[in-house]
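Peer 1: Let me begin by handing over the structure; questions about it come next.
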Amino acid sequence: MCAQRDALEIGDRYAEDQLYVSISYAQLNKQPGIIGKSNFSYSFSTGFMKDIILNRQGTFAIAGGAGLGYSLFSHQLKVDEVNGATVFENGDLISDNVFSTFNLEVPIELRWRTSTANKYSFWRVYTGIKFLYNLNNSFRYLDANKVEVAYKNVSAFENLQYGLTLSAGYDEFNINFFYGLNPIFKNANINGEVLGTRILQFGLIFYLL
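Sequence positions in the sequence shown follow our numbering and run 2 to 210.
As structure tokens, then:
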């Protein structure tokens, strides 16, 4: 890639095909009023983006890609699977309440940057939408007697999720946001209140040429 770039003149068409790695602080957004905020939670993802230039200077582009993501949430929502149905309750009486997800990611971005074919450090703003397809989810907690209860791939979990993305920064260091647009549970409620839990992530993303 570097040898190819060195042979280009400024103004030539080029692409920013990239590997990406992100690490983020995560929260569960739009929780019911009786459920508190999640505790320290995090997400990690990595993948590849294919760049398609929209102008000769290479400052505007669209990109699509694929990757894998892992998230772990420490939360206060009690989740049980009973006779093939998912049941939700307040988790005040349980401890070590966590759930994890492993997803296939498909990001699509509209890209603006100040780069050229021979300029390696530049400003960038990338925004778009990311689709997540869940490959595995796991819920675990300790009950009042400190006995571990665990479930995998609960029936109410929404396997296909999507949200808005924004990353911006200079050179290798970029801030990154993800705002989930659809709930992570299907047709879910707790005490008659709709459970519209969504994922919110913010952290850093690194683009590797």
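All C-beta atoms in this analysis are idealised placements derived from N, C-alpha and C, irrespective of residue type, glycine included. Nothing here was measured: the structure is a model prediction, and the numbers come from that model.
Please confirm whether Gln-19 and Leu-165 have their CB atoms less than 8 Å apart.
Peer 2: Cβ distance not < 8 Å, so Gln-19 and Leu-165 don't count as in contact.
Peer 1: Measuring straight from C-alpha to C-alpha, what distance separates Tyr-71 and Ser-101?
Peer 2: 7 Å
Peer 1: State the start and end residues of the unbroken beta strand (DSSP E) segment that holds Ile-36.
Peer 2: Run containing Ile-36: none; DSSP gives neither H nor E here.
Peer 1: What does DSSP give as the partner residue(s) for Phe-174 in the beta ladder?
Peer 2: Tyr-171
Peer 1: Give the DSSP-derived three-state secondary structure of Gly-197 in the structure shown.
Peer 2: Of the three classes helix, strand and coil, the one that applies to Gly-197 here is coil, per DSSP.
Peer 1: What separation, rounded to the nearest whole angstrom, lies between the Cα atoms of Glu-10 and Ser-116?
Peer 2: Note that Glu-10 scores a pLDDT of 43, beneath 50, so its modelled location is shaky and nothing firm can be said.
Peer 1: Can you tell which of Pro-108, Gly-193 and Gln-202 has its C-alpha closest to the C-alpha of Ala-64?
Peer 2: Pro-108
Peer 1: Starting from the Cα of Leu-105, find the closest Cα among Ser-122, Val-99, Phe-132 and Gly-92 and give me that residue.
Peer 2: Phe-132
Peer 1: Is Ser-39 closer than 8 Å to Leu-55 when the C-beta atoms are compared?
Peer 2: no
Peer 1: DSSP three-state label for Asn-84, please.
Peer 2: coil
Peer 1: Would Tyr-21 be called buried (16 or more neighbouring beta carbons within 10 Å of its own) or exposed?
Peer 2: buried
Peer 1: So, for Ile-200: in the same chain, excluding its five sequence neighbours on each side, which residues have a beta-carbon less than 6 Å away from its beta-carbon?
Peer 2: Gly-181
Peer 1: Given a cut-off of 8 Å, decide if Gly-204 and Ser-75 are closer than it, judged by their beta-carbon atoms.
Peer 2: no
Peer 1: Is Cys-3 helix, strand or coil by DSSP?
Peer 2: Model confidence at Cys-3 stands at a pLDDT of 38, short of 50, so the residue's coordinates are unreliable and nothing is read from them.
Peer 1: State yes or no: is the C-beta of Phe-226 within less than 8 Å of the C-beta of Asn-188?
Peer 2: Residue 226 lies beyond the residue range present for the chain, which begins at 2 and ends at 210; the question has no answer from this structure.
Peer 1: Cα separation between Leu-143 and Glu-90?
Peer 2: Using only the alpha carbons, I get a separation of about 14 Å.
Peer 1: Compare the C-alpha of Phe-140 against each of Leu-69, Gln-77 and Lys-31 and name the closest.
Peer 2: Gln-77
Peer 1: Going by the CB atoms, is the gap between Leu-73 and Val-99 shorter than 8 Å?
Peer 2: yes
Peer 1: Give me, in chain order, the residues of the same chain whose beta-carbon lies closer than 6 Å to that of Phe-178; leave out the 5 immediate sequence neighbours on both sides.
Peer 2: Leu-167 and Phe-203
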